[in-house]
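For the sequence shown, the UniProt record's numbering assigns the number 2 to the initial residue and increments by one for each residue that follows. Below is one structure, written out as structure tokens; the observations come after it.
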Amino acid sequence: TQRVAILVSGGGSNMVRLVESMTGDHPARPVLVLSNDPEAGGLRRAAEMGVPTAAVSHKPFKGDRAAFEAALSEPLAAAQPDIICLAGFMRVLTEGFTRRWQGRMLNIHPSLLPKYRGLHTHARALEAGETEAGCTVHEVTAELDDGPLLGQARVPILPGDTPETLAARVLVEEHRLYPAVLRRFAAGDRTPVLLP
Ligand code: GAR
């Protein structure tokens, strides 16, 4: 059985879907939900589902990413994960950390990568006059929002869309895509999942 740690910064709706998916004949099980924000809603939701949680605030490290990651690595190492899923984890990771986990760390990003890396993806897609948007799951490398594609889901952009309405439509697809990718990845299959 593959051991999965999930890193969150916020409400953790993707984390909930991942945890809920890992039952029965699924090749993986959740072993830790870890956050850089001790107040993150995702920690409470994970605890309610019976998943061990830990928090390491980035704030005392004042921008020293390597020192923050060293602290983050303590509960992570103790959980002995085979796979790390970033699920709304909003800290940029160093090359050292990404290299240590390369090939074993996944991220979900709310755009059709390689378009719109970084923040404010939906506002930027609307501003550019795109007719479709979506989300991407990829292996994490040292480059931000880059790395081998593991899955993608598309949604239409509709007249009158705002960043909020578009984000909600994309999030529905995130919740379908990430569990589908994790199941395949945990079984050793890196063929991209393409939805719908
Ligand atoms: C999701 O939309 C995810 O794609 C995005 O944050 C949201 C987290 O929601 N991630 C990023 O922007 C990563 N840079 P959740 O906490 O409800 O899963």
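Note that beta-carbon positions come from the ideal geometry of N, C-alpha and C, so glycine has one too. Predicted model only: the values in this text are computed from it and were never measured.
Minimum C-alpha distance to residue i - residue among the options
{"i": "H27", "options": "A187, F98, G42 and Q153", "result": "A187"}
{"i": "E49", "options": "E165, L33, D38 and P61", "result": "L33"}
{"i": "I109", "options": "D190, P164 and P149", "result": "P149"}
{"i": "P39", "options": "P61, V138, L19 and T24", "result": "P61"}
{"i": "R92", "options": "N37, A168 and V194", "result": "N37"}
{"i": "L172", "options": "L183, G25 and A154", "result": "A154"}
{"i": "L167", "options": "V9, F98, Q103 and C136", "result": "C136"}
{"i": "L77", "options": "G64, K63, G89 and W102", "result": "W102"}
{"i": "G89", "options": "T132, I7, E131 and E21", "result": "I7"}
Whole-Å CB distance - residue i paired with residue j, under 8 Å assumed
{"i": "R30", "j": "R4", "result": "6 Å"}
{"i": "M106", "j": "E140", "result": "7 Å"}
{"i": "M23", "j": "A47", "result": "The Cβ separation is near 12 Å, so there is no contact."}
Per-residue burial, residue i [other beta carbons within 10 Å of its own, 16 or more giving buried]
{"i": "L151", "result": "buried"}
{"i": "H123", "result": "buried"}
{"i": "L159", "result": "exposed"}
{"i": "E96", "result": "exposed"}
{"i": "E174", "result": "buried"}
Residue i CB to nearest heavy atom of the ligand MG below 7 Å
{"i": "I7", "result": "For the structure depicted, the ligand MG is absent and the ligand set comprises only the ligand GAR."}
(message) Does the structure place the segment 164 to 178 close enough to the segment 142 to 149 that three or more beta carbon pairs sit under 8 Å?
(response) By the Cβ test, the segment 142 to 149 is not in contact with the segment 164 to 178, since fewer than three Cβ pairs between them sit closer than 8 Å.
(message) Is it the case that the segment 51 to 60 contacts the segment 104 to 121, given that we only count it when at least three CB pairs across the two stretches are under 8 Å?
(response) No: fewer than three Cβ pairs fall under 8 Å.
(request) Could you tell me whether the segment 46 to 53 touches the segment 81 to 91, where touching means 3 or more Cβ pairs closer than 8 Å? (result) In short, these stretches do not touch, since the Cβ pair count stays below three.
(message) Whether or not the segment 40 to 51 and the segment 69 to 76 are in contact is what I'm after, with contact meaning three or more pairs of Cβ atoms, one per stretch, closer than 8 Å; do they touch?
(response) In short, these stretches do not touch, since the Cβ pair count stays below three.
(message) Extract the residue ranges of the alpha helix (DSSP H) inside the segment 93 to 129, only unbroken runs of 4 or more that lie entirely within it.
(response) Whole alpha helix (DSSP H) segments, 4+ residues: 96 to 102 and 122 to 128.
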